[in-house]
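Report on the structure given below.
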Amino acid sequence: MRQTRNGASAMIPAIARLISEQNAKPAHHVGYCGTKAEEIAYSIHEEFGEYELERYVTLLYEQGELIGLLLLDTDEEEGQAELWGPFILTEDSYEWQMAADQLWAAAVDKCSPSIQIIAGFYHIHNYHALAWMQAKQAAKQGQHSILKLEKRPIQPVTSDTIGDHQLQIVDIGEMINTLSALSANQSAYLYLFRNLHNECFPSTYYAADTILNRLDQDNRLFVCLNQNEFAGYVYLEGNCEFREGQIEYIAVRPDRRGKKIGLYLLHYALQHLFEYIQVEEVSLCVNKSNPAAINLYHKAGFHTTSELQYISLQLDR
1 MRQTRNGASA MIPAIARLIS EQNAKPAHHV GYCGTKAEEI AYSIHEEFGE YELERYVTLL
61 YEQGELIGLL LLDTDEEEGQ AELWGPFILT EDSYEWQMAA DQLWAAAVDK CSPSIQIIAG
121 FYHIHNYHAL AWMQAKQAAK QGQHSILKLE KRPIQPVTSD TIGDHQLQIV DIGEMINTLS
181 ALSANQSAYL YLFRNLHNEC FPSTYYAADT ILNRLDQDNR LFVCLNQNEF AGYVYLEGNC
241 EFREGQIEYI AVRPDRRGKK IGLYLLHYAL QHLFEYIQVE EVSLCVNKSN PAAINLYHKA
301 GFHTTSELQY ISLQLDR
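In full-length UniProt numbering, the protein residues as written are 1 to 317.
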């Protein structure tokens with residue numbers, strides 16, 4: 001007989017191992033988490049206290065053995081959660097669906113009522129999860145390509161790298177942390193960043209304010225100024241301990257496009273990741289409806305490794 005249980009800190013190593021084993025397979029892959037057990041365990045330790053583990057991690061046991069799990073990485077203020085899983089140790093479609101439904105019922109029952117939207121991010125060959133979510137009337141939001149670039153020498157970026165355009169970079173996290181009060185221009189950077197992010201990524205996994213709240217020594221938001229005016233930004237996340245990182249977002253103001261500012265931001269981000277974070281490879285995610293961006297990254301040396309489907313579910317309870 002199968003039983004569900006709440007997550008607990010003592011179970012994190014076993015949880016990480018199961019996710020690692022399953023997520024390495026395209027047929028079970030979820031884009032929100034990695035494939036290395038140590039790094040997955042670290043992420044869970046960082047993001048989940050005992051309260052979150054009990055409320056947002058659900059485990060499935062059969063004859064005393066862990067055979068499946070479901071994890072919700074929530075933002076209660078935003079009212080949404082990213083769905084890690086379901087990860088279930090079976091290839092049989094019927095058994096998978098039954099186990100997923102059991103996990104789901106237990107997870108939703110204890111989930112905060114503030115959570116209204118569940119987001120999934122699945123490999124296009126994860127047929128079990130995609131069919132299961134669609135059966136719950138989840139809506140497909142778009143396909144994304146995952147691109148990677150292995151470590152290589154990056155030409156240093158300077159303020160006059162691109163022609164005669166006067167470009168410079170502002171580290172927004174550093175700006176906020178080192179100044180007791182922002183000037184009118186600095187406040188404008190935040191305002192224009194929010195507007196551009198909302199315009200370019202209207203239904204994305206990180207809202208503008210979420211990005212600002214995530215800024216620290218590893219997660220950086222760099223704004224590009226063109227002749228002292230806001231022109232675009234790049235947001236990246238890294239982990240110095242595990243020497244890994246990814247570029248999450250790059251955007252350029254419509255009236256500043258065609259001046260290689262996007263390329264400038266990309267090179268600046270790569271330089272930071274390779275030299276400061278000391279990553280061995282950089283990954284990024286691009287909506288397949290943006291072939292121009294994909295072409296830009298391919299020209300910079302990136303190659304496509306997988307394709308993922310973003311899907312969202314409005315909870316009805």
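The C-beta atom is built at its ideal place from N, Cα and C for all residues, glycine as well. From a predicted model like this one, the values you see are computed outputs, not experimental measurements.
6 Å CB neighbourhood of residue i in its chain, flanking five on each side removed
i    : result
V286 : S145, A293 and I294
G301 : L149
Y32  : E82, W84 and F121
Q278 : R243
H29  : N23, H123 and N126
T90  : W96
Whether residue i touches residue j by CB criterion (7 Å)
i           : j    : result
T58         : L103 : yes
R55         : K136 : no
L263        : Q116 : no
A16         : A41  : yes
I12         : I44  : yes
V234        : A269 : yes
D151        : E307 : Checking the sequence, you will find Lys at residue 151 rather than Asp. No. Outside cutoff.
N226        : L190 : no
residue 325 : Q246 : This structure cannot settle anything about residue 325, because the visible part of the chain is limited to 1 through 317.
W132        : A99  : no
W96         : H128 : yes
A138        : L313 : yes
E47         : R2   : no
S20         : A8   : no
Q186        : K288 : no
A27         : L66  : no
Burial state of residue i (16 or more Cβ within 10 Å)
i           : result
C240        : exposed
G64         : exposed
residue 323 : This structure gives no information on residue 323, because the portion of the chain shown stretches from 1 to 317.
Y310        : buried
T74         : buried
Q134        : exposed
H303        : exposed
T305        : exposed
residue 320 : Beyond the ends of the chain as shown, which are 1 and 317, falls residue 320; an answer cannot be given.
T204        : buried
L147        : buried
Cβ shell of residue i (< 8 Å), same chain only, five flanking positions each side left out
i    : result
N6   : L53, E54, R55, V57, T58, L59 and K110
E76  : S112, S114 and I115
L215 : I172, G173, I176 and L221
A24  : T35
A188 : F230
E39  : N239, F242 and E244
L179 : Q186
Sequence-distant residues of its chain with Cβ nearer than 7 Å to residue i (five each side left out)
i    : result
C224 : L167, I169, A231, G232, Y233, I261, Y264 and L265
E237 : D218, N219, G245, Q246 and E248
T4   : T58, L59, L60, Q102, L103 and A106
G79  : S114, I115, Q116 and I117
E50  : S9
R194 : A208
Q141 : S203, Y310, I311 and S312
Sufficient close CB pairs (3 or more, under 8 Å) joining the segment 111-124 to the segment 67-84: yes
Quick one: complete beta strand (DSSP E) runs, 3+ long, within the UniProt domain "N-acetyltransferase" (180-317)? 220-226, 229-239, 244-252, 281-287 and 303-314
Length-filtered (3 minimum) beta strand (DSSP E) runs lying within the segment 19-77: 57-62 and 65-75
The segment 89-104 / the segment 67-77 touching (three or more Cβ pairs under 8 Å): yes
For the structure I just gave you, are there three or more beta carbon pairs, one from the segment 209-218 and one from the segment 255-273, closer than 8 Å? no
Fully enclosed by the segment 70-114, which alpha helix (DSSP H) runs are 4 residues long or longer? 93-110, all fully within the segment 70-114.
Any contact of the segment 238-254 with the segment 194-201, i.e. 3+ C-beta pairs under 8 Å? yes
I'd like the ranges of any alpha helix (DSSP H) spanning at least 4 consecutive residues and lying wholly in the segment 117-150. The DSSP assignment places complete alpha helix (DSSP H) segments of no fewer than 4 residues inside the segment 117-150 at 127-135, in order along the chain.
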